[in-house]
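Per the working numbering, residue 34 is the first one in the sequence shown, and the count goes up by one each step.
See structure below.
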Amino acid sequence: MPRSPALPVTGGLLAAEAVGLAVGLALMAPACALAAEAPAGAYSSGIASATVVAPLAVRSLSDLDFGAVGDVGREGGSLVIVPGSTQARYGGAARLACPVGEETCAMPHAARLRVEGEPGRAYRVLLPDAVEAQSVAADGAPLSRLPVSSLTVRTDSRPQSGGQGVLDKDGGDGFEIGGELHIPPGTRASHYRAQVPVIVVYG
């Protein structure tokens, strides 16, 4: 039985833009088949039924944000954000560019999204292999781009099942997306955020 195609959405928020996704799914089942042979004057009839499943809708609550990253000099570095964790892992010369707890400091955090659809139905989140993070100047202008790989997802309903989740009795669930930012040598201090296109389907 063919499944309805899923449509991509933008998982991250850049400039606070929310994106939605709607996926419709209908399952058709024939009630009966015509007889191979029927007497003259006889006829066969059937009834087709359809089960309509509520479409999936996804909205982004916060983008994948690597926070304020300091100057890495000649060494370079990396920054890993794990969904479900409040701590970022810095590698090489990468470090937070401002003191922890400072009110104006951009802190790293996973992307946060909300999915809604048919109550009790299972769903899956599909991610790309890699995306790009963009640095942002104080006035919001883009500066440079860095690669982000090893994207991972954690759902609220099944946190140990990767990209698989189950919608609750009200038809909702949430999930987070993390990844690894690669910072080449010579990269100056900046604030990096990434948009992550995702596909969410039933199943």
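Backbone N, C-alpha and C fix where the C-beta goes; we use that ideal spot for every residue, glycine too.
All figures in this text were calculated on a predicted structure; none of them were measured in a lab.
Near the ligand NAP: residue i beta-carbon under 7 Å from a heavy atom
i     : result
Pro88 : This structure does not include the ligand NAP; it has no bound ligands of any sort.
Own chain residues within Cβ distance below 6 Å of residue i, not counting five before or after
i      : result
Ala155 : Val199
Lys242 : In the structure displayed, the chain extends from 34 to 236; residue 242 sits before or after that span and is not available.
Ala227 : Gly45, Leu97, Val164, Ala166 and Val181
Val113 : Arg122 and Glu213
Terminal residues of the beta strand (DSSP E) in which residue i lies
i      : result
Gln228 : Here Gln228 belongs to no beta strand (DSSP E), and DSSP marks it neither H nor E.
Asp98  : Leu97 to Val102
Ile114 : Gly110 to Ile114
Val158 : Ala155 to Leu159
Gly124 : Ala121 to Gly125
Arg148 : It should be pointed out that residue 148 corresponds to Val in this sequence rather than to Arg. Where Val148 is concerned, the enclosing beta strand (DSSP E) stretches over Ala144 to Glu149.
C-alpha distance - residue i paired with residue j, whole-angstrom precision
i      : j      : result
His224 : Ser111 : 14 Å
Ser190 : Gly207 : 8 Å
Gly212 : Gly196 : 14 Å
For residue i, the residue or residues it bridges with in DSSP
i      : result
Gly211 : Thr185
Gln197 : Arg157
Ala163 : Ser182
Gly205 : Glu149
Residue i and residue j closer than 8 Å at C-beta
i      : j      : result
Ile216 : Leu97  : no
Leu184 : Val229 : yes
Val186 : Leu89  : no
Leu159 : Leu214 : no
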